[in-house]
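Take a look at the structure below.
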DNA sequence: AGAGAATGTGAGCACGGACTCACGTTTTCA
DNA sequence: TGAAAACGTGAGTCCGTGCTCACATTCTCT
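Residue numbers (the numbering used here), protein chains in the order written: chain W, 1479 to 1715; chain A, 1479 to 1715.
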């Protein structure tokens, strides 16, 4: 792949048949990504699957990177509007309910097309274009921040930008790792519960509870419940 | 890269000069990964930088993937023993203190060689070998679980495996995204504070606080601070 | 109609990468 | 000491990939 190639300046489809070709190319790319991963998505292969010639691919996409980028863009735009709509439906709910709805939505979204999400997220760091500032990420964070602002008073974190960054990335990452490492979790209600607890616990004002929990054992625990001791020994290899 | 190549069966260094070559190769690989990324780490290039011939590389590593895998293994083993040692030093501290120490350790570890961590984490999903069960991940999770067990009684989550999964991945992911997206955060004390709040808040037993927080505004907020309203409108694009 | 623009074609080039192999050199050890 | 094993070499093979270009086809619009 040439490194100096500009990523944007390419012919835009003017006639409808061109639009069709363009769509076919994007769809084929997505399909290959899902089925065989990034490496299989060579320009020649994409052209073949799309039923067009390589030349046509390069009419509309200046490089392989631009091609994958376009698929990503399409997909992310969807995610963005989804979240926007989701947030619009929140009036009249408690913070707790709102967070649960949003988390559930993110999980459902990823579960709907797990493989595509997986591949795209993995390729994200390879996109030169995004190395500087990723407008999508910025908008996502702004959205979360906007969600937090009305609750600024009742919530612990003072730096809402950082809070948005943390919440967004927590939910995003935990969804992603569950997807790849623990697919069962995605459909397990308790996972949603835990994610909610995580976010809500983070937002809650401090208190003393766990701090009172006492010291860690020196060697062996002196006083401990039977259940605790049992699960402990079963945890050893 | 051939896909059918076995990843293990390769000559093991028996003489000391062989060990030297082997080390040189691994070091060169790591160095290239850090400086120029994965794509630059071609076998020929690795050999050149290591000062050996390509043939020697293939004496000990059956493929490029195996090569990178070896670097990863080395690096992850380090991380594992680090965490083990860190946990061994925790007796006599509160849960709160313990968590803070561990989080700070993870952050410091990544900040010490950010680029290597970054590249390796990015390449992780490409490793065919790990697609099934990743023994490193298993051991890490077991470690966290072992850490949690003595506190099973004073802590909210009932499923300690899931809790370990969530905590480990939260800290890991948030460290990583900070590394790549907000490097300033890594040295900011407040980021450590927030991560601690996140984990501790998650572990704390439930309570009513935020639930009482009331409803979200229907259309426009009725009662809201000036500051909140101001930053809110500025949040629009 | 027909000229020019838009669209589509695909053989093939240039390049670089992963990997092999036939052969030298050094070490081991009986 | 000398033969076998371990180690090291690097030119060279093979293959896929990204991408171009000269040309053919279709559309648009006066």
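Virtual Cβ for every residue (Gly too), placed ideally from N, Cα, C.
query	result
Buried or exposed (CB count within 10 angstroms, at least 16 for buried), residue 1623 (chain W)	buried
Within chain A, the residues that residue 1648 (chain W) reaches when beta carbons sit closer than 8 Å	1648, 1651, 1652, 1676
Check whether residue 1488 (chain W) and residue 1569 (chain W) have beta carbons under 9 Å apart	no
With 16 other Cβ atoms within 10 Å as the buried cut-off, status of residue 1642 (chain A)	buried
Residue 1512 (chain W) Cβ short of 8 Å to the ligand ATP heavy atom set	For the ligand ATP, the structure offers nothing, since it holds no ligand at all.
Environment of residue 1662 (chain W) [buried if 16+ CB atoms lie within 10 Å]	exposed
Residues within the stretch 1546–1580 of chain A neighbouring chain W, beta-carbon criterion of under 7 Å	1568, 1569, 1570, 1571, 1572, 1573, 1574, 1576
Continuous alpha helix (DSSP H) assignments of at least 4 residues falling wholly in the stretch 1485–1558 of chain A	1494–1514, 1521–1528, 1532–1538
Buried versus exposed, by CB contacts within 10 Å (16 or more), residue 1588 (chain W)	buried
Test: residue 1543 (chain W) CB closer than 9 Å to a CB of chain A	no
Outcome for residue 1559 (chain W) when other beta-carbon atoms lying within 10 angstroms are tallied against a minimum of 16	exposed
contact_flag[the stretch 1497–1509 of chain A, the stretch 1543–1563 of chain A] where n(CB pairs < 8 Å) is 3 or more	yes
Per-residue contacts from residue 1634 (chain W) into chain A (C-beta, under 9 Å)	1675, 1679
Burial state of residue 1492 (chain A) (16 or more Cβ within 10 Å)	exposed
Any C-beta of chain A under 9 Å from that of residue 1689 (chain W)	Note that residue 1689 (chain W) scores a pLDDT of 43, beneath 50, so its modelled location is shaky; the value from the coordinates is reported in the next line. So yes, residue 1689 (chain W) belongs to the interface.
C-beta contact flag for residue 1490 (chain W) and residue 1536 (chain W) at 9 Å	no
Residues of its chain near residue 1594 (chain A), where Cβ-Cβ distance is below 6 Å and the 5 sequence neighbours each way are ignored	1512
Amino acids of chain W, ordered along the chain, whose beta-carbon sits closer than 9 Å to that of residue 1613 (chain A)	Going along chain W, no residue has its Cβ under 9 Å from residue 1613 (chain A), so there is no contact; the nearest lies around 11 Å.
For residue 1552 (chain A), the nearest candidate out of A:1524, A:1534, A:1656, A:1500 (CA to CA)	A:1500
Residue 1669 (chain W), enclosing alpha helix (DSSP H) - first and last residue	1667–1681
Contact under 9 Å by Cβ, residue 1678 (chain W) with residue 1573 (chain W)	yes
Sequence-distant residues of the same chain with beta carbon closer than 7 Å to residue 1664 (chain A), five excluded per side	1585, 1589, 1656, 1657
Best match in A:1632, A:1543, A:1635, A:1596 for proximity to residue 1514 (chain A) [C-alpha to C-alpha]	A:1596
Under the three-state DSSP convention, the category residue 1687 (chain W) falls into	In this prediction, residue 1687 (chain W) has a pLDDT of 48, which is less than 50 and means its spatial position is unreliable; what the coordinates show is noted afterwards. Helix at residue 1687 (chain W).
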